[in-house]
Amino acid sequence: MEQTEKRPFHSMLEGLFSVAFKVIMLIEKKFTKHVDKISGRE
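Residue numbering for the sequence shown is 6 to 47, as defined by our numbering.
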């Protein structure tokens, strides 16, 4: 009946993906700033 209990792995994966996505976005922002400094763009 309850899908949340049947698929705990799915919800865990979804949470993991959202966290990973936030981390990737953070790293990407810092990386872009770093590259811009190297290229001489502000």
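In this text, a Cβ means the ideal position worked out from N, Cα and C, and glycines have one as well.
Small disclaimer: the values here were computed from a predicted structure and weren't measured.
Check                                                                                                             : Outcome
Residue 45 - containing alpha helix (DSSP H), residue span                                                        : Segment: none, residue 45 is in no alpha helix (DSSP H) and carries neither H nor E.
Residue 6 classed as buried or exposed, judged by whether at least 16 other C-beta atoms fall within 10 angstroms : Only weak support is given to the placement of residue 6: the predicted model assigns it a pLDDT of 49, under 50, and the value that follows is read from those uncertain coordinates. Counting Cβ neighbours within 10 Å, residue 6 comes out exposed, since fewer than 16 surround it.
Residue 44 versus residue 22 - alpha carbon distance                                                              : 32 angstroms
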